[in-house]
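K.L.:
In this note's numbering, the protein residues as written are 37 to 215.
What follows is the structure, encoded as structure tokens:
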């Protein structure tokens, strides 16, 4: 998790050029990334579908940089259009969902020249082949398919960072800019 947080913060600093930005994080259970983004001084909206992690974040967050926490289902986001400079999807997208449709839906919440970031599992090596065989088909997508889907949905400056996850798992952080 620490490597994912470091990779996300590095990408966030690169796209905001060190300036304070309006950031929205879509999360499920893990709120450490939100704590680090809040510590970096960005204006933060944290949206999650579980009450307990949102409450823990709200009680542990420092009072000098308050953040708005919202409990909402993933498909029912109560967010304005073009409200954020950066949108980070720090949770898996729902199984069986069309990545292109999800990116198009999330794109409406990002300002022009804003950035979207999301994680996706990548399977490498022998253990990766075994995990891939038992994974849901949505999680078996190759890295180039993620880039192709983002390009087809009108995103620009698409980049990926390979991040080592827990044990032998690997994730790719895909970053794309709204024109």
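Every residue gets a Cβ at the ideal spot worked out from N, C-alpha and C, and that includes glycine. For clarity, every value in this text was computed on a predicted model and none was experimentally measured.
1. Let me make sure I understand the geometry here. Which of 57, 78 and 212 has the alpha-carbon closest to that of residue 289?
2. Which of the three DSSP states, helix, strand or coil, is assigned to residue 143?
3. Which residue from 94, 186, 107 and 106 puts its Cα closest to that of residue 138?
4. Give the secondary structure of residue 137 by DSSP, where H, G and I count as helix, E and B as strand, and everything else as coil.
5. Buried or exposed for residue 215, going by 16 or more other Cβ atoms inside 10 Å?
6. Quick one: using the 10 Å Cβ neighbour count with 16 as the cut-off for buried, is residue 117 buried or exposed?
7. If you follow the alpha helix (DSSP H) that residue 121 is part of, which residue opens it and which one closes it?
8. Using the Cβ count rule (16 or more neighbours within 10 Å means buried), how would you classify residue 42?
9. What residues are listed by DSSP as bridge partners for residue 84?
10. Helix, strand or coil for residue 181? Go by DSSP, reduced to three states.
11. Which residue from 144, 207 and 208 puts its Cα closest to that of residue 191?
12. Taking Cβ to Cβ, would you say residue 106 is nearer than 8 Å to residue 80?
13. CB residue 74 to CB residue 101, shorter than 8 Å?
14. Quick check on residue 181: buried or exposed, where buried means 16 or more other Cβ atoms within 10 Å of its Cβ?
15. Can you check which of these residues, 150, 45 and 146, is closest to residue 77 by C-alpha distance?
16. Tell me the DSSP secondary structure of residue 45 in three-state form.
17. Looking at C-alpha atoms only, which residue of 210, 147 and 90 is the closest neighbour of residue 64?
18. Report yes if the CB atom of residue 189 is closer than 8 Å to the CB atom of residue 126, and no otherwise.
P.N.:
To lay it out plainly:
1. Lying before the first or after the last residue shown, residue 289 is absent from the chain, which here runs from 37 to 215.
2. On the chain shown, position 107 is the one that residue 143 refers to. For residue 143, the secondary structure class from DSSP, reduced to helix, strand or coil, is helix.
3. On the chain shown, residue 138 is found 102 positions in, with the first residue counted as 1. Residue 186 is the option with its Cα nearest to residue 138.
4. Looking up residue 137 in the chain shown gives position 101. Annotated three-state conformation of residue 137 is helix, per DSSP.
5. Numbered from its first residue, the chain shown carries residue 215 at position 179. By the neighbour-count rule (16 or more Cβ atoms within 10 Å), residue 215 is not buried but exposed.
6. Position 81 of the chain shown holds residue 117. Residue 117 comes out exposed.
7. As a first step, residue 121 must be located in the chain shown, where it is residue number 85. Under the DSSP assignment, residue 121 falls outside any alpha helix (DSSP H), being part of the beta strand (DSSP E) whose first and last residues are 120-125.
8. Translated into the one-based positions of the chain shown, residue 42 becomes position 6. Residue environment for residue 42: exposed (fewer than 16 other C-beta atoms within 10 angstroms of its C-beta).
9. Translated into the one-based positions of the chain shown, residue 84 becomes position 48. Paired residue(s): 63 and 107.
10. Looking up residue 181 in the chain shown gives position 145. The DSSP-derived three-state label of residue 181 is helix.
11. The count along the chain shown starts at 1 and reaches residue 191 at position 155. A check of alpha carbon separations from residue 191 across 144, 207 and 208 identifies 144 as the nearest.
12. Translated into positions along the chain shown, residue 106 becomes position 70. Translated into positions along the chain shown, residue 80 becomes position 44. Contact: no.
13. Reading the chain shown from its first residue, position 38 is the one you call residue 74. Reading the chain shown from its first residue, position 65 is the one you call residue 101. The answer is yes: Cβ separation under 8 Å.
14. The sequence position of residue 181 within the chain shown is 145, counting from 1. Around the beta-carbon of residue 181, fewer than 16 other beta-carbon atoms lie within 10 Å, marking it exposed.
15. Locating residue 77 in the chain shown gives position 41, counting from the first residue. When C-alpha distances from residue 77 are compared across 150, 45 and 146, the shortest belongs to 45.
16. Within the chain shown, the letter at position 9 stands for residue 45. Helix, per DSSP.
17. Reading the chain shown from its first residue, position 28 is the one you call residue 64. Ranked by Cα distance from residue 64, the options 210, 147 and 90 are led by 90.
18. The residue labelled residue 189 in the question sits at position 153 within the chain shown. The residue labelled residue 126 in the question sits at position 90 within the chain shown. The Cβ atoms of residue 189 and residue 126 do not sit closer than 8 Å to each other.
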